[in-house]
Amino acid sequence: MSSSSNTRAGATSGPVSRFLKATEIDTRLLGMIGALLLIWVGFHLFGVFFKGSGSFLTPRNLWNLSVQTASIGIMACGMVLVIVTRHIDLSVGSVLGFCAMVMGIVQARILPEFLGLGHPLIWVITALVGMALGAAIGAFHGWLVAYRGIPAFIVTLGGLLVWRGFAFLLARGETISPLDSTFSLLGGGPYGAIGAMGSWIVALIACAAILWMLWNGRRTRALHDFPQRPVWAEGVLAALGCGLVIGATLLVNAYPWPKGIVRQYAAANNLEVPEAGLFISHGWAIPVLIMLGVGVVMTVVSTRTRFGRYVFAMGGNPDAAELSGINTKWMTVKIFAVMGFLTGLSSVVASARLNSATNALGTLDELYVIAAAVIGGTSLAGGVGTIYGAIIGALVMQSLQTGMVLIGFDAALQNIVVGSVLVLAVWLDIVYRKRAK
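For the sequence shown, numbering that gives the first Met the number 0 gives the first residue as 0, with consecutive numbering after it.
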C-alpha cells in the first residue's frame, strides 16, 4: 500500500520537483539567488524608468559591488560558526577597527625603521600581525564565554566598546595614511586585480575543481553503496557550476581600467595608446578571491572535518554534545578564535581598500555581518547554517545598500530598509522551519 502511494506521488509530482530531487539542489539556495536577482533587476529597472539610465547591472557596478562585499563576506563565514553554536559576536566591527589601527602603526611607523621604507616583507608581516591579533582577541572572548560563564552577548558587547576605545587611544583618533603600496593591493583597485589572463586561469582551475568534486562524490557514493544522482543531473550541475564561473569571469573582464590610469600605465611601460584607447581588463579583484578562498576553506572545515561536525553537534544539542565527549568549552574558544582570525583578515582587506587606518573603520559592521549570516539561512536557534549562504547574504546586504545609493535614498531610509529586510529574513526562517517540522 505504502509503495503504491509513493509511486503515485512520484508520478504526480511536477517536473520542477523531480528536477530538484534529482539534482539535490538546495531550495533555500535557489530562494536566496532568486531574491538577489530580483533586487538587481529591480534597482536597474528603477534607474531605467526614473533616472533615464540603468547603472546597476553594469560590469563597473557589479565589480565594485563584489569588492565592497568582500570584507563583510569574510567575517560572515566565521559568524556562521558562532551563531550555529547558539552564541553571538557583537564585537567584530570594533575588533576590525582595532586590528586595522595596529596594522597601520606597524607598517607606517615601526617596520620602516627596522626594514626600510618599501621593504617587500612589510605587507606580509603586517597582515600576519593583524590576523594573529584578531585570533588572540577572539580566543580571549571565547575563554571568557566558555571558562568564566559570561554570556557571549555581554562579552562581545563589552568588546564592542573596549576595542573601539583602544583603537582611538592608539593613534589619538588620527588617521594613518598612506599605507604600504603592496599592502594596498589587497584592497582591490586597478592594480589590485589579476587581469584578464589571470582571471581565465582562475576560472579554469575552478571549473576543474567543480568537475573533480562531482566525479569524486559519485565515486564515493558508489564505494559506500549510497544512492547516486542520475548522470544527466550530474551533467546539469557541472554545466551550471562551470557556466556560473565562466559568466562571472566574462563580467569582471568586461570592466576596463579608467582611461587616466591606462595612460599612466602606458607611459610607465613605454606602450603606445591607439586612438580608440587601450582596453585593459580589471579581472578578478584580489579581495574577492580572498573571500571566495575563505568560503571554500570554511565550507570544507564545516562539512568535512571533525571540528565542523562538533560545531553543528554543539548547536543542535549542547548538553548531548558534552555528554558524548566533546570538549565544548575548548571548542567555544576555538570557534571564537576562528571568528577573530577572519576579522583580522577582513581588517586587512578593509584598510587596504581605503589605503588608510581610521578609528571609525568597521563601525556597525557587526550588524551587517550578523544580518548576512541570518539572511543566508543561519538559524539563531543554533544547529543550522551554511557558509555559501552567508556569502550570498552579504551580497544581498551590499546590493541593497549600493542600489539605494544609486537611486538616491538618504541614509535614514537605507537603515529602515536594511532593518526591515533583517526582520523579514528571520520571520521567513521561522516559517520555513515550522513547515519543515
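Glycine included, C-beta positions come from ideal geometry on N, C-alpha and C.
| field | Local Cβ density within 10 Å of M442, reported as buried at 16 or more and exposed below that | value | No information on residue 442 is available, as it lies outside the stretch 0 to 436 that the chain covers here.
| For the putative contact between S90 and G158, defined by C-beta atoms under 8 angstroms, what is the C-beta separation to the nearest angstrom? | Residue mapping note: residue 90 aligns to position 91 of the sequence shown, counting from 1. Residue mapping note: residue 158 aligns to position 159 of the sequence shown, counting from 1. So it is a contact: roughly 3 angstroms between Cβ atoms.
| field | Contacts around L363, its chain only, beta-carbon distance under 8 angstroms, and the 5 residues preceding and following it disregarded | value | Mapped onto the sequence shown, residue 363 falls at position 364. Around L363: G92.
| query | Based on Cα-Cα distance, which residue from V383, Q227, I406, T68 lies nearest to I82? | reply | Indexing the sequence shown from 1 puts residue 82 at position 83. I82 has its Cα closest to that of V383, out of V383, Q227, I406, T68.
| request: Return the chain-ordered list of same chain residues with a C-beta closer than 7 angstroms to the C-beta of A202, the five sequence neighbours on each side being excluded. | output: Walking along the sequence shown from the start, residue 202 turns up at place 203. Counting only Cβ-Cβ distances below 7 angstroms, and skipping sequence neighbours, we find V244, I245, T248.
| said: Could you give the first and the last residue of the continuous alpha helix (DSSP H) run that contains A205? | reply: For the purposes of this step, residue 205 is taken as residue 206 along the sequence shown, with counting starting at 1. That run of the alpha helix (DSSP H) goes 194 to 222.
| field | 8 angstroms CB neighbourhood of A253 in its chain, flanking five on each side removed | value | Looking up residue 253 in the sequence shown gives position 254. So the list reads P58, S280, once near-sequence residues are dropped.
| task | State the beta-bridge partners of A284 as determined by DSSP. | result | Position 285 of the sequence shown, counted from the first residue, corresponds to residue 284. Its beta-bridge partners are A192.
| task | Assign P189 to buried or exposed, taking buried as 16 or more other Cβ atoms, counted over all protein chains shown, within 10 Å of its Cβ. | result | On the sequence shown, residue 189 is found 190 positions in, with the first residue counted as 1. Buried: at least 16 other Cβ atoms inside 10 Å.
| message | My output table needs one value for S16: the three-state DSSP class, helix, strand or coil. | response | Walking along the sequence shown from the start, residue 16 turns up at place 17. Of the three classes helix, strand and coil, the one that applies to S16 here is helix, per DSSP.
| Tell me, which residues are paired with P255 by DSSP? | Indexing the sequence shown from 1 puts residue 255 at position 256. Bridge partners of P255: S280.
| Just to confirm, are Q400 and Q413 a CB contact at a threshold of 8 angstroms? | Your numbering for residue 400 matches position 401 in the sequence shown. Your numbering for residue 413 matches position 414 in the sequence shown. Taking 8 angstroms as the Cβ cut-off, Q400 and Q413 qualify as a contacting pair.
| task | Measuring alpha carbon to alpha carbon, tell me which of P257, L19, F113, L132 ends up nearest G96. | result | To locate residue 96, count along the sequence shown from 1; it is residue 97. Closest by alpha carbon: L132.
| field | For A356, three-class secondary structure by DSSP | value | The residue given as residue 356 occupies position 357 in the sequence shown. If DSSP states are grouped into helix, strand and coil, A356 belongs with the strands.
| task | Using a threshold of 8 angstroms, state whether the C-beta atoms of L178 and N358 are closer than that. | result | By 1-based counting over the sequence shown, the position of residue 178 is 179. By 1-based counting over the sequence shown, the position of residue 358 is 359. Not closer than 8 angstroms, so no.
| query | Can you tell me the Cα-Cα spacing of M31 and F182, whole angstroms? | reply | Within the sequence shown, numbered from 1, the residue matching residue 31 stands at position 32. Within the sequence shown, numbered from 1, the residue matching residue 182 stands at position 183. Taking the straight line from one Cα to the other gives about 34 angstroms.
| Where do the ends of the alpha helix (DSSP H) carrying V123 lie? | On the sequence shown, residue 123 is found 124 positions in, with the first residue counted as 1. Where V123 is concerned, the enclosing alpha helix (DSSP H) stretches over 121 to 146.
| field | Residues near R434 in its chain [Cβ-Cβ closer than 7 angstroms; skip 5 each side] | value | By 1-based counting over the sequence shown, the position of residue 434 is 435. There are no such residues.
| field | Local conformation of I73 per DSSP, three classes | value | Position 74 of the sequence shown, counted from the start, is the residue given in the question as residue 73. I73: helix per DSSP, three-state reduction.
| Rounded to a whole number of angstroms, what is the C-alpha to C-alpha distance between S4 and G13? | Position 5 of the sequence shown, counted from the first residue, corresponds to residue 4. Position 14 of the sequence shown, counted from the first residue, corresponds to residue 13. Residue confidence for S4 is low, a pLDDT of 44 falling below 50, so the modelled location carries little weight; the figure read from the coordinates is stated next. Approximately 16 angstroms between the Cα atoms of the pair.
| task | State whether the segment 295 to 310 contacts the segment 268 to 283, with contact taken as three or more CB pairs (one from each stretch) at a distance under 8 angstroms. | result | no
| Is the CB-CB distance between A135 and G339 below 8 angstroms? | In the sequence shown, the residue the question calls residue 135 occupies position 136. In the sequence shown, the residue the question calls residue 339 occupies position 340. Result yes, Cβ atoms of A135 and G339 sit closer than 8 angstroms.
| query | Could you give the distance in angstroms between the alpha-carbon of T342 and the alpha-carbon of G259? | reply | Stepping through the sequence shown from its first residue, residue 342 is reached at position 343. Stepping through the sequence shown from its first residue, residue 259 is reached at position 260. Rounded to whole angstroms, T342 to G259 spans 34 angstroms at the Cα level.
| query | Are the beta-carbon atoms of F152 and I87 separated by less than 8 angstroms? | reply | Residue mapping note: residue 152 aligns to position 153 of the sequence shown, counting from 1. Residue mapping note: residue 87 aligns to position 88 of the sequence shown, counting from 1. Yes, they are a contact pair.
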